[in-house]
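Numbering of the sequence shown is given in my numbering, commencing with residue 1 and proceeding in unit increments.
Presented below is the structure to which this report refers.
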Amino acid sequence: MQSKFMRPKGNIIWEMITDEEGPLYFSFDKKTIYNFWTDYWNLTDEERSIFDKEYPVMAALKNPDVTVPEYDGNDSDSEDEEEYEYSD
């Protein structure tokens, strides 16, 4: 079975689309797949920096040095309004 990916337009990281609840699978090149919960500290410094920028809330769960942006009460940036690109 071929994996399917999605990402917000402008992001570098691809999220793998899965029916599983819990794990966040992601990739920088759609070839090497990482599991956030087990592989975060296995990322290169550059990859971790990109992840921390694109997913600061998730990154803060693993890395106390990551600053989570303060919620401003404006839902205009919510995921359902964000444009995504999809790929196999």
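Glycine included, C-beta positions come from ideal geometry on N, C-alpha and C.
Keep in mind that this is a model prediction, so the values were computed, not measured.
For Ser49, the enclosing alpha helix (DSSP H) starts and ends at 45 to 54.
In this structure Glu70 is not in contact with Lys9, their Cβ atoms being roughly 24 angstroms apart against a cut-off of 8 angstroms. If the five residues before and after Asn35 are omitted, its C-beta is found closer than 8 angstroms to the C-beta atoms of Pro23, Leu24, Tyr25, all from its own chain and listed in chain order.
Going by DSSP, Trp41 is part of no beta strand (DSSP E) at all; its letter is neither H nor E.
In this structure, Ala59 lies near Asp52, with their beta-carbon atoms less than 7 angstroms apart.
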